[in-house]
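Undergrad: Dropping the structure in here first, questions after.
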Amino acid sequence: MGAEARHKVGLLDIAATLPRMTTALPSVLRGLPGFLRKPDDKESIGHIFQRVATKTPDHPFVRFEGDTLTYGQANDLVNRYASVLTDRGVQRGDVVGVLAKNSMRTLLVALATVKLGATAGMLNFNQRGEVLEHSLGILDARVLVVDEDCIEALESLDEALPEKVVLHADELDRLAESASAENPVATTE
Numbered sequence: 007m008g009a010e011a012r013h014k015v016g017l018l019d020i021a022a023t024l025p026r027m028t029t030a031l032p033s034v035l036r037g038l039p040g041f042l043r044k045p046d047d048k049e050s051i052g053h054i055f056q057r058v059a060t061k062t063p064d065h066p067f068v069r070f071e072g073d074t075l076t077y078g079q080a081n082d083l084v085n086r087y088a089s090v091l092t093d094r095g096v097q098r099g100d101v102v103g104v105l106a107k108n109s110m111r112t113l114l115v116a117l118a119t120v121k122l123g124a125t126a127g128m129l130n131f132n133q134r135g136e137v138l139e140h141s142l143g144i145l146d147a148r149v150l151v152v153d154e155d156c157i158e159a160l161e162s163l164d165e166a167l168p169e170k171v172v173l174h175a176d177e178l179d180r181l182a183e184s185a186s187a188e189n190p191v192a193t194t195e
């Protein structure tokens, strides 16, 4: 790299980018109400996702590594994941830990969690041993969804987590096949 990065951004730098930002202004303005939300508000990312999925089920929702899911397909799978998490005892206010690499499944598990009114605690899949143990302690997750690629991270812990807490992602997929695709109660309230 030939040029050195500057350490400061000045007011003139910001002013110079304003004309290019005008095309994004409508999107920015539509998002402003999100800054006014409070923790006890019923409106959530899960509600918004569900509403958009109902209005535009055939529109592409996510593209990842050559695969595409529509809003309708994603909402169906998210609801099935939410049903499995509910069966594991997850409810509003709980934390679901997610130890996984970036994937469609990871995104859908996070959406399933927020549709239940719970918090998705995304763990760094590079953590091992005491560092991972510390992160898990902070999360205090009711359920920990673990991708098969991240099993080795769990094995680095001094003590194994209780079986009832750990939900392997492949098992989540298997259970989701026969789970309800109805919207969770938390998003229909």
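Residue numbers for the sequence shown follow the working numbering, so the first one is 7 and each next one is one higher. From the three backbone atoms N, C-alpha and C, an ideal C-beta is built for every residue, glycine too.
Per DSSP, what kind of secondary structure is P63 in: helix, strand or coil?
TA: Of the three classes helix, strand and coil, the one that applies to P63 here is coil, per DSSP.
Undergrad: Give the straight-line distance between the Cα atoms of D93 and S184, rounded to the nearest whole angstrom.
TA: The straight-line gap from Cα to Cα measures roughly 12 Å.
Undergrad: Grab the span of the alpha helix (DSSP H) containing D73 for me, first residue to last.
TA: Unbroken run through D73 is the beta strand (DSSP E), D73 to T76; no alpha helix (DSSP H).
Undergrad: Going by DSSP, what residues sit across from F70 in a beta bridge?
TA: Bridge partners of F70: D73.
Undergrad: I'd like the list of long-range same chain contacts for S162, defined as Cβ closer than 7 Å, with 5 residues on each side in sequence excluded.
TA: Result list for S162: R134, G135 and L138, in chain order.
Undergrad: Among the candidates L113, F55 and L91, whose CA atom is the shortest distance from the CA of A124?
TA: With distances taken between Cα atoms, A124 lies closest to L91.
Undergrad: Pick helix, strand or coil for G16, following the three-state DSSP scheme.
TA: Coil.
Undergrad: In this structure, what does DSSP give as the bridge partners for L173?
TA: Partner(s): V151.
Undergrad: Assess, as a yes-or-no matter, whether the stretch 75–84 is touched by the stretch 48–60 under the definition of 3 or more beta carbon pairs within less than 8 Å.
TA: Yes, they touch.
Undergrad: M110 and V68 look like a contact to me (Cβ under 8 Å); what is the Cβ gap, rounded to whole Å?
TA: Yes, M110 and V68 are in contact; Cβ-Cβ is about 6 Å, under 8 Å.
Undergrad: Compute the Euclidean distance between the alpha carbons of I20 and T29, then round it to the nearest angstrom.
TA: Spanning the two alpha carbons is a distance of roughly 16 Å.
Undergrad: Could you say which of E154, N130, E177 and E158 lies nearest to L145 if we only look at CA atoms?
TA: The residue with the shortest Cα to Cα distance from L145 is N130.
Undergrad: What's the call for V34, buried or exposed, on a 16-neighbour Cβ count within 10 Å?
TA: Result: exposed.
Undergrad: I need the boundaries of the beta strand (DSSP E) containing A126, first residue and last residue.
TA: A126 -> beta strand (DSSP E) spans T125 to M128.
Undergrad: Thinking C-alpha only, which one of N108, A118 and G16 is nearest E188?
TA: Among N108, A118 and G16, the Cα nearest to that of E188 is on A118.
Undergrad: In whole angstroms, what separates the C-alpha of A159 from that of V149?
TA: Answer to the nearest angstrom: the Cα atoms are 16 Å apart.
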